[in-house]
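Comments concern the structure below.
Protein chains: 2
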Amino acid sequence: MTIRDVATRAGVSPATVSRVFSQPETVAPGTRQRVLTAAEELRYAPNPVARSLARRRTGNLGIVVPDIANSFSAMIIKAAQQEARHAEYALFVTASEELVDDEERQARALAPQVDGLLLTSPQASDACLRELADIVPVVVTNRLLDSVPAVLTESAQATGHAVEHLHALGHREVAYLAGPDGYSNQSRTSGLQAACARLGLEPVVLGPFPARFSSGVRAADLVLAAGVTAVVAFNDDIAAGLLTRFADRGVRVPEQISVVGHDDTALAEMVTPRLTTVHIPAAAAGATATQLLIRYVRGDDSGVRRYELPSELIVRGSTGPVTARST
Amino acid sequence: MTIRDVATRAGVSPATVSRVFSQPETVAPGTRQRVLTAAEELRYAPNPVARSLARRRTGNLGIVVPDIANSFSAMIIKAAQQEARHAEYALFVTASEELVDDEERQARALAPQVDGLLLTSPQASDACLRELADIVPVVVTNRLLDSVPAVLTESAQATGHAVEHLHALGHREVAYLAGPDGYSNQSRTSGLQAACARLGLEPVVLGPFPARFSSGVRAADLVLAAGVTAVVAFNDDIAAGLLTRFADRGVRVPEQISVVGHDDTALAEMVTPRLTTVHIPAAAAGATATQLLIRYVRGDDSGVRRYELPSELIVRGSTGPVTARST
DNA sequence: ATGAAAGCGCTAACAC
DNA sequence: GTGTTAGCGCTTTCAT
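Protein chains in written order, with the UniProt record's numbering: chain A, 1 to 327; chain B, 1 to 327.
Okay, here's the thing in structure tokens:
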């Protein structure tokens, strides 16, 4: 079922059929109707592959996330998908499973089949990313790279607020559980350090840990051994792991120890007690990055090549005042 | 950078270059090397779109999931991606956000760009699915449909075991929180009903509920009002919602009420207490479905067109013996 | 073992 | 407004 079959049946040229499906307004209403009818009868639909080849663009966007099972990634994907659809692009998702090699492979496989590529918190080398950016328009999130447009979720300030919050509750001994190296961890760490310096606290920094639940379970005992009254975790998964292990050891949260997460994923409201956490605007980041990518692909360059999205401390049940027993 | 550039540089015909990248063994080692060198120097890589058009297959597989943020979907995707890569296919993921229209749209958009399509727990009409299956090889999970190969996660037996487990713990008043209609809910409901009948119990069936955390929060009060001592939820998200609301209302689990989930997602081990749940083999389902799809696409038809994967009750901390106060 | 030539299905100038 | 004519970049007979 090709454009020629439809053309023959409608008694027009293939070009006209093509126009009906690409720029309907340029063909006379009568002809258009005849073509559409013929197409309908033949159950014809344009072949997107052939179309991509001829147009030299695919109408597809690609996104590579570190881990599809991670709900932070999921929020970004959802937002990106919505923006993409809105602009009539299809979005292809692939996951790197946190492996640098996979990430590179996925990105390279995707690159020639899409008009633009969104890399979220990429781990690949600068050189590799630049090479990709030579092949296809690339936008990254949470990664600083010359000449590649980026959307950053800046959390230094909000993480600082978390420290102030703990300080106000009377906490003087605070631990930070670092995540994998990258923009996110740096932003969180620097915000925490700065606030601590301001308040005269000396944080205990542990890690780096993989950004997973199991890391939190493991870290819980280290935190307890460190003798702190409050702990700030790189993300909610780690914080949830802490909660579980604390519960197992009979340590009450927040009475005996306060816990702060990062990301404000769905998990934060699912655990007991609900997590105080730094809300990272994942959906906004996904949407902004996708819009940026689309503008980039289309050539309507807005000039802005870097967005910093602010975060916000959300106070819930996992933080509370220091009690006598805490120390 | 096309095949012709490489051909010119290597002093061979375009056909030879093509062969080097498609069937290397058919070209003399010397020539092959020259071509590869030329390609390297020109940083040439075959254009997958052109290749797809000429070969009339894309080397891509597509998967449509109801909700990318759902960790059950995530497990299936991970397994599918692994199988796909193993067979040298790229996997494109799209989500329907639980909307039937979206599902249909996503599937139709994907269909002409892939060699095969995997639809997980599809909600679309039989007619729509069959239409898709006419365009492209389709495999479904958790959906029964004539002439479309399927992988089913059968849970009637394991859900029955959950009921037996509760019965053995002394529970006589049991509620079931139904999920959205479909194969999964039917399989779970029928297993539950059968076991109850066998044991002389009369379950209170509530719902259907959307398979989300918030549904569980809402359902918790209904469950309490129903006066049961145990509740089986359609999935872990709902069960987690129950746990949270019970905690808020000061109802202790499992001392005052026992909770059973379904799926055995990561969440089941993240909540307090850890969820007793029916393990559904999501990864196995994803892997099996993908293998089936690949065989189907390749034409090596094994004859088997339907797989039923068994589930298993995992006992954890959210179920316990009935106590005097329970009733 | 390699090359020439004819497409794959669609688009895009350019005519008319 | 519509048709003609070249491709888009690669594969694949069919010769040689």
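Ideal placement from N, C-alpha and C gives every residue a C-beta, glycine not left out.
What are the residues that DSSP puts in a beta bridge with residue i?
{"i": "LEU132 (chain A)", "result": "Beta-bridge pairing links LEU132 (chain A) to no other residue."}
{"i": "PRO310 (chain A)", "result": "A:GLU154"}
{"i": "THR141 (chain A)", "result": "A:THR120, A:VAL151"}
{"i": "VAL278 (chain B)", "result": "B:HIS262, B:LEU313"}
{"i": "THR31 (chain A)", "result": "THR31 (chain A) pairs with nothing; no bridge assigned."}
{"i": "ASN60 (chain B)", "result": "B:ALA90"}
{"i": "ALA230 (chain B)", "result": "B:VAL174, B:SER258"}
{"i": "VAL205 (chain A)", "result": "A:TYR176"}
{"i": "ALA95 (chain A)", "result": "A:VAL65"}
To which residues of the same chain is residue i closer than 6 Å at the C-beta, ignoring the five residues directly before and after it?
{"i": "GLU104 (chain A)", "result": "ALA124, CYS128"}
{"i": "VAL271 (chain A)", "result": "ALA240, LEU243"}
{"i": "THR265 (chain A)", "result": "SER71, PHE72, ASP236"}
{"i": "residue 368 (chain A)", "result": "The first residue shown for chain A is 1 and the last is 327, placing residue 368 (chain A) beyond what the model contains."}
{"i": "ALA283 (chain B)", "result": "MET75, ALA79"}
{"i": "ASP263 (chain B)", "result": "PHE72, ASN235, ASP236, ILE280"}
Leaving aside the five residues before and after residue i along the sequence, list all residues of the same chain whose C-beta is less than 7 Å from its C-beta, in chain order.
{"i": "GLU98 (chain A)", "result": "PRO66, ASP67"}
{"i": "VAL20 (chain A)", "result": "VAL27, ARG32, VAL35, LEU36"}
{"i": "ARG57 (chain B)", "result": "ASP115"}
{"i": "residue 333 (chain B)", "result": "In the structure displayed, chain B extends from 1 to 327; residue 333 (chain B) sits before or after that span and is not available."}
{"i": "VAL228 (chain B)", "result": "GLU173, VAL174, ALA175, VAL204"}
{"i": "GLN106 (chain A)", "result": "VAL64, THR94, SER96"}
{"i": "ILE3 (chain A)", "result": "PRO14, VAL17, SER18"}
Closer than 8 Å by beta-carbon distance: list the chain B residues that pair up with residue i, in chain order.
{"i": "SER52 (chain A)", "result": "VAL49"}
{"i": "PHE21 (chain A)", "result": "The premise fails here: PHE21 (chain A) is roughly 13 Å from chain B at the closest Cβ pair, so nothing lies under 8 Å."}
{"i": "ALA240 (chain A)", "result": "MET270"}
To the nearest whole angstrom, what separates the beta carbons of residue i and residue j, a pair I think is in contact under 8 Å?
{"i": "ILE76 (chain B)", "j": "ALA111 (chain B)", "result": "That pair is no contact at about 19 Å."}
{"i": "VAL49 (chain A)", "j": "HIS171 (chain A)", "result": "The pair is not a contact, with the Cβ atoms about 60 Å apart (cut-off 8 Å)."}
{"i": "ALA178 (chain A)", "j": "LEU206 (chain A)", "result": "7 Å"}
{"i": "LEU267 (chain A)", "j": "ARG316 (chain A)", "result": "With a Cβ gap of about 12 Å, LEU267 (chain A) and ARG316 (chain A) do not count as contacting."}
{"i": "LEU5 (chain A)", "j": "TYR44 (chain A)", "result": "Position check: residue 5 (chain A) holds Asp in this sequence, whereas Leu was assumed. Contact flag correct, Cβ pair sits at about 7 Å."}
{"i": "ALA158 (chain B)", "j": "VAL232 (chain B)", "result": "Actually they are not in contact, since the Cβ atoms of ALA158 (chain B) and VAL232 (chain B) sit about 11 Å apart, beyond 8 Å."}
Output, in chain order, the set of chain A residues within a Cβ distance shorter than 7 Å of residue i.
{"i": "GLN81 (chain B)", "result": "ALA95"}
{"i": "SER71 (chain B)", "result": "ALA69"}
{"i": "ILE77 (chain B)", "result": "ILE68"}
{"i": "ALA74 (chain B)", "result": "ILE68, ALA69"}
{"i": "THR244 (chain B)", "result": "MET270, THR272"}
{"i": "ALA109 (chain B)", "result": "ALA90"}
Can you pull the chain A residues whose beta carbon is under 8 Å from the beta carbon of residue i, in chain order?
{"i": "LEU267 (chain B)", "result": "LEU267, MET270"}
{"i": "THR189 (chain B)", "result": "Ordered by position in chain A, no residue passes the 8 Å Cβ test against THR189 (chain B), which lies about 25 Å from the chain."}
Which word fits residue i, buried or exposed, when buried means at least 16 other C-beta atoms lie within 10 angstroms of its C-beta?
{"i": "PRO149 (chain A)", "result": "buried"}
{"i": "THR290 (chain A)", "result": "buried"}
{"i": "HIS86 (chain A)", "result": "exposed"}
{"i": "ASP301 (chain B)", "result": "exposed"}
{"i": "PRO203 (chain A)", "result": "buried"}
{"i": "ARG212 (chain B)", "result": "buried"}
{"i": "GLU40 (chain B)", "result": "exposed"}
{"i": "VAL304 (chain B)", "result": "exposed"}
{"i": "THR327 (chain B)", "result": "Only weak support is given to the placement of THR327 (chain B): the predicted model assigns it a pLDDT of 44, under 50, and the question is left unresolved by the model."}
{"i": "ARG55 (chain A)", "result": "exposed"}
{"i": "ARG252 (chain A)", "result": "exposed"}
{"i": "residue 337 (chain A)", "result": "Examination of residue 337 (chain A) is not possible in this model, given that chain A is present from 1 through 327 alone."}
{"i": "VAL100 (chain B)", "result": "exposed"}
{"i": "PRO137 (chain A)", "result": "buried"}
{"i": "GLN81 (chain B)", "result": "buried"}
{"i": "ARG51 (chain A)", "result": "buried"}
{"i": "SER215 (chain A)", "result": "buried"}
What residues in its chain sit with their C-beta under 8 Å from that of residue i, if we drop five residues either side in the sequence?
{"i": "GLU164 (chain A)", "result": "ALA195, LEU199"}
{"i": "GLU154 (chain B)", "result": "SER187, GLU308, LEU309, PRO310, SER311"}
{"i": "TYR183 (chain B)", "result": "SER121, ASN142, ARG143, LEU144, LEU152"}
{"i": "THR319 (chain A)", "result": "HIS165, LEU166, LEU169, ALA230, PRO254, SER258, VAL259, VAL260, THR276"}
{"i": "residue 330 (chain A)", "result": "The structure shown has nothing for residue 330 (chain A), since chain A only spans 1 to 327."}
{"i": "ARG130 (chain B)", "result": "LEU145, SER147, VAL148"}
Mind pulling the chain B residues with CB within less than 9 Å of residue i?
{"i": "ILE257 (chain A)", "result": "Neighbours of ILE257 (chain A) on chain B: none; closest Cβ ~15 Å, over 9 Å."}
{"i": "PRO112 (chain A)", "result": "ALA45, PRO46, ASN47, PRO48, VAL49"}
{"i": "PHE213 (chain A)", "result": "ALA266, GLU269, MET270"}
{"i": "PHE234 (chain A)", "result": "Result: empty, since nearest Cβ-Cβ is about 16 Å, beyond 9 Å."}
In chain A, which residues lie less than 9 Å from residue i when you measure between Cβ atoms?
{"i": "ALA247 (chain B)", "result": "THR272, PRO273"}
Residue i touches chain B at which residues, Cβ-Cβ below 7 Å?
{"i": "ALA58 (chain A)", "result": "For clarity, residue 58 (chain A) is Thr in the given sequence; the question names Ala instead. The contacting residues are VAL49."}
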